[in-house]
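Engineer: One structure is given below, represented as C-alpha cells, and several questions about it will come after.
Numbering (the numbering used here), first residue to last: 92 to 244.
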C-alpha cells in the first residue's frame with residue numbers, strides 16, 4: 092500500500108499532465124503567500140537598515156553639537172582677546188601722547204556705587220606718585236579726579 096502511495100505521488104510530480112496541473116495550482120495558491128513573505132522580509136530589512144542609519148546620524152549629530160559648543164566657546168574667547176587688544180592699543184597710544192612718567196598705570200581693587208556717583212579704590216597710592224586732585228583718565232578720556240590718597244591706595 093505504501094508503495095502505491097509513493098508511486099502515485101511520484102507520478103503526479105514526474106509525469107506530464109496531471110502532475111503539472113497540481114504544480115500550477117500550487118504555484119497559483121502559493122504565489123501570493125510568497126510575494127507577501129518576500130515583501131515583509133524586504134520591509135523588515137529596510138527597517139533594520141533605517142534604524143542603523145538613525146543610530147549613525149544620532150552619533151554624528153552629537154559630534155556636531157560638541158563641535159558647535161567648542162567653536163562658540165572659542166568665538167567668545169577670541170572676542171574677549173579682541174576687546175583686550177583694542178584696549179591695550181588705546182592705552183599704549185595714550186601713553187605715547189602723554190610722554191614718559193606722566194601716567195601711573197593702576198588697577199581697580201574695589202568699587203562703591205552711590206546715588207551721587209561712583210567711587211573706586213585703586214592699587215596705587217602716594218608712595219607710587221598718586222596725588223590728591225590728580226585727574227583720572229582712561230583711553231576713552233577723563234573719568235574723574237583723585238579725592239583721597241593713602242600710601243598704597
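Each residue gets a CB set at the ideal place from its N, CA and C atoms; glycine is no exception.
Remember, it's a predicted structure, so these values are computed and weren't measured experimentally.
Counting beta carbon pairs with one atom in the stretch 221-240 and one in the stretch 174-190, are three or more of them shorter than 8 Å?
Structural biologist: yes
Engineer: If you reduce the DSSP assignment to three classes, tell me which class residue 127 lands in.
Structural biologist: The sequence position of residue 127 within the chain shown is 36, counting from 1. Looking at residue 127 - three-state DSSP - the assignment turns out to be helix.
Engineer: Just mark residue 245 as buried or exposed, buried being the case when its beta carbon has 16 or more other beta carbons within 10 Å.
Structural biologist: Past the edges of the chain, shown from 92 to 244, lies residue 245, and the structure says nothing about it.
Engineer: Straight-line CA distance for residue 142 to residue 158?
Structural biologist: Here residue 142 refers to the residue found at position 51 of the chain shown. Here residue 158 refers to the residue found at position 67 of the chain shown. Going from the Cα of residue 142 to the Cα of residue 158 covers about 24 Å.
Engineer: For residue 234 versus residue 223, is the C-beta spacing smaller than 8 Å?
Structural biologist: In the chain shown, the residue the question calls residue 234 occupies position 143. In the chain shown, the residue the question calls residue 223 occupies position 132. Contact: no.
Engineer: Can you give the Cα-Cα distance for residue 199 and residue 171, rounded to whole angstroms?
Structural biologist: Here residue 199 refers to the residue found at position 108 of the chain shown. Here residue 171 refers to the residue found at position 80 of the chain shown. Rounded to the nearest angstrom, the two C-alpha atoms are 19 Å apart.
Engineer: Between residue 243 and residue 218, how many whole angstroms is the CB-CB distance? I'm expecting something under 8 Å.
Structural biologist: Translated into the one-based positions of the chain shown, residue 243 becomes position 152. Translated into the one-based positions of the chain shown, residue 218 becomes position 127. Right, the Cβ-Cβ distance comes to about 6 Å (below 8 Å), so this counts as a contact.
Engineer: My output table needs one value for residue 233: the three-state DSSP class, helix, strand or coil.
Structural biologist: Your numbering for residue 233 matches position 142 in the chain shown. If DSSP states are grouped into helix, strand and coil, residue 233 belongs with the strands.
Engineer: Under 7 Å: does the beta carbon of residue 159 sit that close to some heavy atom of the ligand FMN?
Structural biologist: For the structure depicted, the ligand FMN is absent and the ligand set is empty, with no information on it obtainable.
Engineer: Quick one, which of 206, 207, 197 has its alpha-carbon nearest residue 215's?
Structural biologist: In the chain shown, counting from the first residue as 1, residue 215 sits at position 124. Closest by alpha carbon: 197.
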